[in-house]
Amino acid sequence: MNENGIIEEPTLGMVFGSQEEAYSYYFNYGIRKGFGVMKRSSKRGDDGVVRYFTFAGFKNDQKKKSTGKSSFASKLSTKTSCKAKIKLTLCDDGNIQVTTVHLDHDHLLSPGKARHFRCNRKIDDRVKRRLEINDEAGIGVSKNFHSLVVEANRYENVTFNEKDCRNHIEKQEEVSLVLKMLKQFTNGRSRTAYEAFGNVITFDTTYLTNKYKMPFAPFVGVNHHGQSVLFGCGLLTNEGTESFVWLF
1 MNENGIIEEP TLGMVFGSQE EAYSYYFNYG IRKGFGVMKR SSKRGDDGVV RYFTFAGFKN
61 DQKKKSTGKS SFASKLSTKT SCKAKIKLTL CDDGNIQVTT VHLDHDHLLS PGKARHFRCN
121 RKIDDRVKRR LEINDEAGIG VSKNFHSLVV EANRYENVTF NEKDCRNHIE KQEEVSLVLK
181 MLKQFTNGRS RTAYEAFGNV ITFDTTYLTN KYKMPFAPFV GVNHHGQSVL FGCGLLTNEG
241 TESFVWLF
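Read in order, the letters of the sequence shown are residues 1 to 248 in full-length UniProt numbering.
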């Protein structure tokens, strides 16, 4: 972005401080021009470090064309053979440099709609929490969403739509239901093993589920054959005192 606040077109030799900075630049450039952006690929160097990156337009499709006669998949797909992309390389000084630039698109661009392309839509953590609180207070998703639109002054200023909000709330309800079921579930074999071999128990929270960032906490003991046996386990929202009190 130059001193006038305009995002410049990518050019050979452009340098960024990190991969995240480079992607943020190309992402915002795509929104201004009217196309979606994705991380196309990455490749490691001989030293095992990821050194090569490709960011491409969302319609870029490098998959081989099907030789089948069915046209069902092709009718559903919005991908094209668009070549718009930039390639970057990690330099020895730690910076990321643009080494290849393709600016041409084979499809119409939509600057006014780019923010609402599926690949560009996202709900930040602050908004997610607000949606959850309002849902618990009995405020419907529709009113919930429109209040956010009013706060942002207009629909074009939000990076998600009402369906995204509804999907998030439904996902949270599913998670809550599963956790409720787990609270009431007791495995008979684990309970019997605990009664017989529960004199010594190990407890470890170093396991972490990637999707929800929830520590997995198993209770493990040893039976008379020297084998590890699972007495129970739990998923924690964090590793604070309240979480451990609840678990125990």
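Where is the CB? At the ideal position from N, CA and C, for every residue including glycine.
For clarity, every value in this text was computed on a predicted model and none was experimentally measured.
Going by beta carbons, Phe53 and Leu109 fall outside the 7 Å limit. Going by C-alpha positions, Thr89 is about 19 Å away from Tyr29. Per the coordinates, the alpha-carbon of Lys143 lies some 23 Å from the alpha-carbon of Phe117. The alpha-carbon separation between Val220 and Gln172 amounts to approximately 29 Å. Selection Ser42, Leu177, Phe160 and Val50 evaluated against Asp125 yields Phe160 as nearest (Cα-Cα).
The stretch 82-97 and the stretch 118-138 do not touch, with fewer than three beta-carbon pairs separated by less than 8 Å. Each residue's CA atom was taken as its position, placing Gly138 and Val175 some 18 Å apart. The Cβ atoms of Ala56 and Lys87 do not sit closer than 7 Å to each other. The beta-bridge partner set that DSSP reports for Ala56 consists of Met38 and Lys85.
Here the alpha carbons of Leu235 and Val222 stand approximately 22 Å from one another. Lys43 sits in a strand when the DSSP states are folded into three classes. According to DSSP, residue pairing for Ser228 in a beta bridge involves Val222.
By the criterion of a C-beta distance shorter than 7 Å, Asp164 is surrounded in its chain by Arg121 and Ile123, once the five residues flanking it on both sides are discounted. Spanning the alpha carbons of Asn134 and Val245 requires a straight line of approximately 28 Å. Judged by their CB atoms, Arg166 and Val150 are not nearer to each other than the 7 Å cut-off.
Look at His168 here: in three-state DSSP terms it is helix. Its Cα nearest to that of Pro218, the residue Cys233 stands out among His224, Gly48, Cys233 and His225.
Only residues of its own chain outside the window of five on either side were considered, and among them Lys43, Arg44, Gly45, Thr89 and Leu90 have a CB closer than 8 Å to the CB of Arg51, listed in chain order. Burial is judged here by how many other beta carbons sit within 10 angstroms of a residue's own beta carbon; Leu177 has fewer than 16 and is exposed.
Between His102 and Cys82, the C-beta gap is not smaller than 7 Å, which leaves the two residues out of contact. Judged by DSSP in its simplified three-state form, Leu12 adopts coil rather than helix or strand.
Remark: C-beta atoms of Phe58 and Cys119 approach each other more closely than 7 Å. In the assembly as shown, Pro111 is an exposed residue. Its beta-carbon has fewer than 16 other beta-carbons within 10 Å. Inclusion of Tyr26 and Val15 in the CB contact set at 7 Å is not warranted, their separation being larger than that value. For Tyr155, same chain residues with a beta-carbon under 8 Å away, outside a window of 5 residues either side, are Val149 in chain order. Annotation for His107: no alpha helix (DSSP H) segment contains it, and DSSP assigns it neither H nor E.
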